[in-house]
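Note sheet for the following structure.
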Amino acid sequence: MPVFSNLDDVDAHRRYVNWIDANPNGFVLNRKGPQDMVLHTASCGHFKPYNSANQTNNLKACSLDRMKLEHWAEVEGVDKLQLCNDCM
22 MPVFSNLDDV DAHRRYVNWI DANPNGFVLN RKGPQDMVLH TASCGHFKPY NSANQTNNLK
82 ACSLDRMKLE HWAEVEGVDK LQLCNDCM
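For the sequence shown, my numbering gives the first residue as 22, with consecutive numbering after it.
If you want it as structure tokens, here you go:
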């Protein structure tokens, strides 16, 4: 499961954009804070246009398997995962 963050990788934004373009039916967890994660579809309009902001200032975890992302969030200590209202 790829995880993209500027804190770990200066090329994270480009790699993240490539992943969501290649996996439009996938899912993305957007971490806004320690207990604040939102689950989106990879094709969600919240992430476009790509050049409006660096998308990986907030950590993004991606997977084709929604259950894997939900489990990852649980392991990370998130009690309740928020779902994007626009795309779920």
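Cβ coordinates follow ideal geometry from the N, Cα and C atoms, glycine included.
Fair warning: this is a prediction, and the values are worked out from it, not measured in the lab.
Reference residue i; option with closest CA among the options
i: residue 62; options: 54, 101, 42 and 95; result: 42
i: residue 106; options: 87, 54, 66 and 77; result: 66
Euclidean distance between Cα positions of residue i and residue j
i: residue 101; j: residue 32; result: 30 Å
i: residue 57; j: residue 51; result: 8 Å
i: residue 55; j: residue 75; result: 20 Å
i: residue 92; j: residue 68; result: 23 Å
i: residue 94; j: residue 30; result: 21 Å
Neighbourhood of residue i by C-beta, 6 Å cutoff - its chain only, sequence neighbours within 5 removed
i: residue 104; result: 60
i: residue 45; result: 63 and 64
i: residue 77; result: 25, 26, 27, 33, 34 and 37
Same chain only: Cβ atoms within 8 Å of residue i, ignoring 5 sequence neighbours per side
i: residue 48; result: 60, 61, 62, 63, 83, 84, 85, 86, 87 and 90
i: residue 96; result: none
Bridge partners - residue i, DSSP secondary structure assignment
i: residue 25; result: 81
i: residue 110; result: The question about residue 110 has no answer here: the residues shown for the chain are numbered 22 through 109.
i: residue 104; result: 60
Chain-order list of residues whose beta-carbon lies under 7 Å from that of residue i (same chain, five-residue window excluded)
i: residue 79; result: 51, 52 and 53
i: residue 40; result: 23 and 83
i: residue 99; result: 56 and 58
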